[in-house]
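Taking it in order: structure first as structure tokens, then the write-up.
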Amino acid sequence: MSPVIPMGPFHPALEEPYKINVDCDGELVTGADIKVGFNFRAIEWLAERKNYTQDIALFERVCGICSNVHTLSLSRAIEVLAGIEVPERAQFIRVIVAEAERLHSHLLWAGIACELIGFQTLFMSCWSLREQVMDLLEAISGNRVNYAINRPGGVNRDILDPAAVLRTVKAIEDATVKTLIPVLTSDPTVRARCKGVGVLTREQAIAYGAVGPTARASGLPQDIRIAAPYETYGRLEFSAPTADDGDVFARVVVRALEIVESCKIIEQCLELMPSGPYKGDDFPAVPAGAACSRIEGPRGEVFYYLESDGSDTPVRVRVRTPTFANMPTAGLMVLGQNFADVPLIQASLDPCYSCTDR
Amino acid sequence: MNADAIAERLGAPHKPERRIDGDWLAVPGLDIRAMVELMSGAESRFVTMTAIPEHGGFRLIYHWDVDDVLLNVSTHIEGVLVPSIADILPAADWVERELRDYYALEFAGRDETPALMLMDGDEPGLFSRTAAMGRDADPADTGWSDVSVSGTEEDR
Chain W
45 MSPVIPMGPF
55 HPALEEPYKI
65 NVDCDGELVT
75 GADIKVGFNF
85 RAIEWLAERK
95 NYTQDIALFE
105 RVCGICSNVH
115 TLSLSRAIEV
125 LAGIEVPERA
135 QFIRVIVAEA
145 ERLHSHLLWA
155 GIACELIGFQ
165 TLFMSCWSLR
175 EQVMDLLEAI
185 SGNRVNYAIN
195 RPGGVNRDIL
205 DPAAVLRTVK
215 AIEDATVKTL
225 IPVLTSDPTV
235 RARCKGVGVL
245 TREQAIAYGA
255 VGPTARASGL
265 PQDIRIAAPY
275 ETYGRLEFSA
285 PTADDGDVFA
295 RVVVRALEIV
305 ESCKIIEQCL
315 ELMPSGPYKG
325 DDFPAVPAGA
335 ACSRIEGPRG
345 EVFYYLESDG
355 SDTPVRVRVR
365 TPTFANMPTA
375 GLMVLGQNFA
385 DVPLIQASLD
395 PCYSCTDR
Chain Z
-18 MNADAIAERL
-8 GAPHKPERRI
2 DGDWLAVPGL
12 DIRAMVELMS
22 GAESRFVTMT
32 AIPEHGGFRL
42 IYHWDVDDVL
52 LNVSTHIEGV
62 LVPSIADILP
72 AADWVERELR
82 DYYALEFAGR
92 DETPALMLMD
102 GDEPGLFSRT
112 AAMGRDADPA
122 DTGWSDVSVS
132 GTEEDR
């Protein structure tokens, strides 16, 4: 009889709870059952009992890493329903904050991945870079985690010192291009731990509806910023890096290259951003109806469905987070792999259980 | 295959409504499994599924990405029995389990629909059970007595 090894809900790889029961034949994994829900807060349920202003604050707390994507998604759904135009400067600020959030999220993940493979030096380097992004987000919004930058119709704060933003972003881009990417792609330790490990094929990624860097590392060129541009993304030049191997290494490379693309996006925004209003008007009553919004978060497509009956409280807010779509693929990735690689493989999804559980 | 062709193949009475946030298509009496077979062949991507309690049943919306455009296909079901699509589309597995947790929807064709957000053994339908409590509902006292900070009736 094969041993079943329970991992979690308190996990050796991540500071978030989830459980994976791993079936093993010797050292090889023959099956895996994933259990989530340990962070379930019924946020969709709560949203139906709070007004729109309260809901913005509520959804900021879906996730502690990508909080911005949730307020942006909800704000955009409200704007569609209420027919609100967002000032151009506010759209640029939204993109800058969204890309800064992607930078800090990817650098956080890269550091964790390096720690998991025993590469402590690069772990510290990644988190040192990330700290600069956190400082940048704090300088823009006043907050390091929940930025409270988005509001229906605009943003709550202006960017007062674009030159400082540019300096930080240039420094991160420089370090990523000259140090992070060369080391991540050529170091024998990284390659030995990541190459050919935890493969998700293109066909599996399609069947399971994988999104974001996970899908792109399996050869699917999907990115909502390019496919269905929102805010000012349609005016910016950038690419969505892809890889074909679908292994942990491919996911490492895709995210590392995305760091550079995010830097390019912010640099363009700072150059193109016009002066003008950024807050927009007070948003009017949300009329009855339904609207969807999709944005590309650090982990992939974030989907919101909003339904209103014309009152100050939504009838329904449905949220599909990227990890919700990606996490079931971990059960495929670990099959036939060494048990010791399970923490790294599941971490290669950059999972967020706070988002998943809501 | 574009949204118009999909609407025709699904027997929709009207063409999809084109909006800034995607295409919207209502199909009364939708053959849900036939839709999934059709969409799978159309190289679309399943995004998720939304359930909204309505007229004693549910309005179900299946959200798809078709050539980078969001297509929202809605239909109404009486009661709580819905054909499962997870055998055709693995991406729907967790979504169905989650909707069972929230609304006690039963997905026909599945061997089992384990809890996803709730714990094993919890009564499904958390949202439906608490709907009558309206805005006065206490999030910490939802009938999930094992974890309620208010404790059980006996504790009080």
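Sequence lines, in order, name chains W and Z. First residue of the first sequence: 45, per this note's numbering; consecutive thereafter. First residue of the second sequence: -18, per this note's numbering; consecutive thereafter. Note that CB positions come from ideal geometry on N, CA and C, so glycine has one too.
message: Does any residue of chain W have a CB that is nearer than 8 Å to the CB of Z:V54?
response: no
| message | Can you find the residues in the same chain that come closer than 8 Å, C-beta to C-beta, to W:L379, ignoring five residues on each side of it along the sequence? | response | V73, T74, G75, A76
Determine whether the beta carbon atoms of W:L125 and W:P331 lie at a separation below 8 Å.
yes
Does the CB of Z:P(-3) have a neighbour CB from chain W at under 8 Å?
no
- Query: Taking DSSP as the reference, what is the three-state secondary structure of Z:P34?
  - Reply: strand
Fill in: Z:T146, buried or exposed, once every other Cβ within 10 Å from all chains shown has been counted against 16
Outside the modelled stretch of chain Z, which goes from -18 to 137, sits residue 146 of chain Z, for which no answer is possible.
- Quick one: Cα of Z:L11 to Cα of Z:T56, how far? 6 Å
Worksheet item: For Z:I42, does the three-state DSSP call read helix, strand or coil?
Response: strand
task: Identify the continuous beta strand (DSSP E) that holds Z:A57 and give its terminal residues.
output: The sequence as given places His at residue 57 of chain Z; Ala does not occur at that position. 50 to 59 is the span of the beta strand (DSSP E), which, as asked, contains Z:H57.
**Item:** Cβ shell of W:V106 (< 8 Å), same chain only, five flanking positions each side left out
**Value:** I87, H114, V363, T365, S398, C399, R402
Identify the residues that DSSP records as bridge partners of Z:T29: which are they? Z:H44
- Task: Tell me whether W:H148 is buried or exposed, calling it buried when 16 or more other Cβ atoms sit within 10 Å of its Cβ.
- Result: buried
- Test: Z:W75 CB closer than 8 Å to a CB of chain W: yes
Requested in this report: Within its chain, find whatever has a CB closer than 7 Å to the CB of W:V213; leave out the 5 residues flanking it on each side and keep chain order.
Outcome: C307, I310, E311
Is the beta carbon of W:V298 less than 8 Å from the beta carbon of W:A287? yes
Which of the three DSSP states, helix, strand or coil, is assigned to W:V209? helix
| task | Scan the segment 66 to 90 of chain Z for residues whose Cβ lies nearer than 9 Å to a Cβ of chain W and list them as they occur along the chain. | result | L70, P71, A72, A73, D74, W75, V76, E79, D82, Y83
Mapping DSSP to helix, strand and coil, what is W:D218?
-> helix
Can you find a C-beta in chain W that's less than 8 Å from the C-beta of Z:F27? yes
In the structure shown, what three-state DSSP assignment does W:E123 receive? helix
**Report entry** Buried versus exposed call for Z:S25 [16 or more other C-beta atoms within 10 Å across all chains shown]
**Finding:** buried
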